[in-house]
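When we follow our numbering, the leftmost residue of the sequence shown carries the number 149, and every step to the right adds one.
Following: one structure in structure tokens, then a few remarks.
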Amino acid sequence: MKIFSLLILFLLAFVGALAFLNWETFTAPSPLSLGVADIHVPLGLVMMTLLVVFTVLFLAFAMYLQGSALLQARRHEKALQTNRDLADKAEASRFSALQTQLEIELKNLHGAGSNHKVEILSRLDALDEKISALLKQSENIFSAYFGELEDRLDKESQARVISLPSEKDN
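So this is what it looks like as structure tokens:
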């Protein structure tokens, strides 16, 4: 864009220099037909005036396009910022919903773990009672067996003691 601006300035300077060097030719009156009437005016000045008018119109149009492009860019920027804000809010709400869901799931898992813990502890207590009962029963059975064996041994030892002296008598 800078090269284009320099080229335009160079062309305007060239036209200005051409007009300055040939000022007498530019200001010489000549007949000009308007279609309905003929007038005598300097044709060079008319052409220079038309050049200046079109240059001013061109610059005004360029400034209008530049301004409208800037306004359009500003509107687009505001729309993009609004969309960014909406996307950030949506993302934040999704994160908070996910966090809430995770907290609920963790509480459920903790509650389920506590329930399982209570259930396992109750089962262990029941197994402990069964094992204690079985040990007690086994102890009672062994005690009964040992008692019975002691009784037998006592009876046999008494029978031997009784039978031993009678053998001595013989």
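The beta carbon of each residue, even a glycine, is placed where N, CA and C say it ideally should be.
A quick note: this is a predicted structure, and the numbers were derived from the prediction, not measured.
Proximity of the region 180-190 to the region 151-171 falls short of the contact definition, fewer than three beta-carbon pairs being nearer than 8 Å. With contacts defined by Cβ atoms closer than 8 Å, Gly192 and Thr203 do not form a contacting pair.
Counted as a single uninterrupted DSSP element, the beta strand (DSSP E) harbouring Leu180 occupies residues 177-181.
A straight line joining the alpha-carbon of Ala210 with that of Leu246 spans about 53 Å.
Ala292 and Arg300 have their C-alpha atoms roughly 12 Å apart. Per the DSSP secondary-structure output, Ile187 pairs in a beta bridge with Leu180.
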